Amino acid sequence: LTAALAKTICGWSKKESICIGLERHGRDVFLDEIDVSNLVGWLTVYFPLLFDFNKKENIGEAIKYVKEKIRKVPNGGVGYGLLRYFNEIKKLEQRPPVIFNYLGQKSVQKNNFFGKKEALMEGMRAAKSERYHLLEINAFISEGQLEVACGYAKNIYKKETIEKLMADYKNNLRTYIEHCAGQKSDTYTPSDFPEAELSQDDLDSLLGSLNF
-11 LTAALAKTIC
-1 GWSKKESICI
9 GLERHGRDVF
19 LDEIDVSNLV
29 GWLTVYFPLL
39 FDFNKKENIG
49 EAIKYVKEKI
59 RKVPNGGVGY
69 GLLRYFNEIK
79 KLEQRPPVIF
89 NYLGQKSVQK
99 NNFFGKKEAL
109 MEGMRAAKSE
119 RYHLLEINAF
129 ISEGQLEVAC
139 GYAKNIYKKE
149 TIEKLMADYK
159 NNLRTYIEHC
169 AGQKSDTYTP
179 SDFPEAELSQ
189 DDLDSLLGSL
199 NF
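Written out as structure tokens, the structure reads:
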């Protein structure tokens, strides 16, 4: 999802790199060190990440690159929030133009009196509330299907522009899914073997010499 989105925005903006703010749930961060069982509500981890696709035209390379980039973020990204809100460094106050959040399985409850009741989604906002990002993209699974919602600054982008962007994202996502589904064997990256401290080239050479 993230790789296809980053590549789509790079193609849309005609640039080789893009900084995207990534958001995720935060209850599993430092779970062994901090007891969050007495906390109620949604805990969120947010951090910006720069993706540079220079010389990474191959889909497989792009997916591996994004996977490794995200997995190399220390402690799931919680450190950025600590730096952002407990320091007076002005650079940390800057926000990337795009934020992406994969919400996983969207909870849906059925009630005999009211029918289907959908959970409140992250990203729903009042019309006059402040917008921190030009594009806010949320993806989630609802009743077995992937859905993607895009909020945007209407004073900057036209509706037709965003519709074209999301259509491109849909097409790229299908291409990426077809690529992954077409692989005859599992594909590994260095973060799958953290204790080995291998580069991607070393890992590819090692796996290539083994017979499965």
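Residues in the sequence shown are numbered from -11 upward in steps of one, following my numbering. All C-beta atoms in this analysis are idealised placements derived from N, C-alpha and C, irrespective of residue type, glycine included. No experiment lies behind these values; they were computed from the predicted model shown.
* To do: Take the Cβ of GLU106 as the centre, count every other Cβ of all protein chains shown within 10 Å, and call the residue buried at 16 or more, exposed below.
  => Reliability of the predicted coordinates at GLU106 is poor, the pLDDT of 47 falling under 50, and no value is obtained from them.
* Asked: Hey, is the stretch 3 to 13 in contact with the stretch 32 to 43, meaning 3+ C-beta pairs nearer than 8 Å?
  -> yes
* Element boundaries [beta strand (DSSP E), containing ARG12] -> 5 to 13
* Quick one: Cα of ILE129 to Cα of LYS158, how far? -> 15 Å
* Taking all protein chains shown into account, decide if THR(-4) is buried (16 or more other Cβ within 10 angstroms of its Cβ) or exposed. => buried
* CB-CB length for PRO178 against GLU56, believed under 8 Å -> 7 Å
* If we count Cβ pairs, one from each stretch, closer than 8 Å, do we get three or more for the stretch 68 to 76 versus the stretch 44 to 51? -> no
* Cα separation between ASP180 and ASN143? -> C-alpha separation (whole angstroms): 44 Å.
* Asked: Looking at the structure shown, is ASP40 part of a helix, part of a strand, or coil, going by DSSP?
  -> strand
* Asked: Among THR175, ALA137, LYS94 and ASP174, which residue has its Cα nearest to the Cα of GLU131?
  -> LYS94
* Element boundaries [alpha helix (DSSP H), containing SER1] -> Residues -10 to 1.
* Nearest candidate by alpha-carbon position, reference TYR53, set LEU198, ASP156 and SER187 -> SER187
* **Backbone CA spacing between GLY92 and LEU10 [nearest angstrom]** => 14 Å
* Excluding the five sequence neighbours on either side, which residues of its own chain have a C-beta within less than 8 Å of the C-beta of MET109, listed in chain order? -> Confidence in MET109 is poor, its pLDDT being 49 and thus under 50, which makes the residue's placement too unreliable to answer from.
* Asked: Under the rule that 16 or more other beta-carbon atoms within 10 Å means buried, what is VAL287, buried or exposed?
  -> Any answer about residue 287 is impossible in this case: the structure gives the chain only from -11 up to 200.
* **Beta carbon of LEU32 nearer than 9 Å to that of ARG12** => According to the sequence provided, residue 32 is Thr. The question's Leu does not apply to it. Yes. Within cutoff.
* To do: Find the nearest neighbour of ASN89 within the set LYS79, TYR34 and SER193, judged by alpha-carbon distance.
  => TYR34
* Would you call the CB atoms of GLY(-1) and HIS167 closer than 9 Å? -> GLY(-1) is not a Cβ neighbour of HIS167, given a cutoff of 9 Å.
* **Integer-rounded CB distance, given that LEU161 should sit under 8 Å from ALA(-8)** => 4 Å
* In whole angstroms, what is the alpha-carbon distance linking ASP192 and PRO62? -> 25 Å
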